Amino acid sequence: MNKTAKIPKIGMRIIKSAVAVFICFLIDDLRNEAGIVFYSQLSALWCMQASKNNTIKNAKQRFIGTIIGTIFGFIYIVVKINLLRNVNLDYDYIAASVISVMIVVIIYTTVLVNKKQASYFSCVVFLSIAVNHIGDMHPYLFVWNRFLDTAIGILVGVGVNMLINIKGREQYD
Numbered sequence: 000m001n002k003t004a005k006i007p008k009i010g011m012r013i014i015k016s017a018v019a020v021f022i023c024f025l026i027d028d029l030r031n032e033a034g035i036v037f038y039s040q041l042s043a044l045w046c047m048q049a050s051k052n053n054t055i056k057n058a059k060q061r062f063i064g065t066i067i068g069t070i071f072g073f074i075y076i077v078v079k080i081n082l083l084r085n086v087n088l089d090y091d092y093i094a095a096s097v098i099s100v101m102i103v104v105i106i107y108t109t110v111l112v113n114k115k116q117a118s119y120f121s122c123v124v125f126l127s128i129a130v131n132h133i134g135d136m137h138p139y140l141f142v143w144n145r146f147l148d149t150a151i152g153i154l155v156g157v158g159v160n161m162l163i164n165i166k167g168r169e170q171y172d
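In terms of numbering that gives the first Met the number 0, the sequence shown opens at residue 0 and continues consecutively.
Written out as structure tokens, the structure reads:
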């Protein structure tokens, strides 16, 4: 008996993902690399779903999470830079404690606004601001670019997913 393994074809979702990542590179170049293209690409990939309905659902979830995380990241930066600058205690433990408490506040905020599904993204955006980029020369600029990069990725992901539709199929690989 001859059993040969059938290798699956490369589906449209894979092609669309590659196109979206490339478009994010192009937009980053047009922005003179002002942001971090990685964040745009992650958002575009997250929005690339197997159906248009799931694409829109995930885009909304990602955008709401980004807004909440950005707001709390901005608040954290303002407090840290302006109020905790001259604290003489072991600052790393204070920052770790504040960040950890902020996670509770962020997740609870998503519950209060009835967007629990956005809690993960809210926390990711907040942590990328509070942990990775607080020491940047211009942390406020990073907050803006973090938001903008994600919004660009969402728009690219949704746009590519809606515009490239082979054979008019709603469902695809």
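The beta-carbon is built from N, C-alpha and C at its ideal position, and this holds for glycine as well. Quantities reported herein were computed from a predicted structural model and do not represent experimental measurements.
Exposure of residue i, with buried meaning 16 or more beta-carbon neighbours within 10 Å
i, result
"S39", "buried"
"I67", "buried"
Best match in the options for proximity to residue i [C-alpha to C-alpha]
i, options, result
"K15", "C46, I74 and Y107", "C46"
"V157", "D28, V77, T3 and S50", "S50"
"V100", "L126, V112, L111 and L82", "L126"
"I102", "G72, K5, D91 and I80", "G72"
"S121", "I80, T108 and K8", "T108"
Cutoff 6 Å; reference residue i; Cβ partners in own chain excluding five residues on either side
i, result
"Q48", "T54 and N57"
"I26", "I151"
"K114", "I63"
"G167", "A caution first: G167 carries a pLDDT of 49, below 50, which makes its placement in the model too unreliable to give a value."
Own chain partners of residue i with C-beta closer than 7 Å, once the 5 adjacent residues on each side are dropped
i, result
"G152", "C23, Y38, S39, Q40, L41, S42 and A43"
"I76", "I128, I133, P138, Y139 and V142"
Nonlocal neighbours in the same chain, by C-beta distance under 8 Å from residue i, ignoring five residues either side
i, result
"Y119", "G64"
"I35", "N144, R145 and D148"
"V110", "S118"
Whole-angstrom distance between residue j and residue i, CA atom to CA atom
i, j, result
"F141", "I93", "22 Å"
"V78", "V124", "17 Å"
"I105", "I74", "12 Å"
"V112", "I98", "21 Å"
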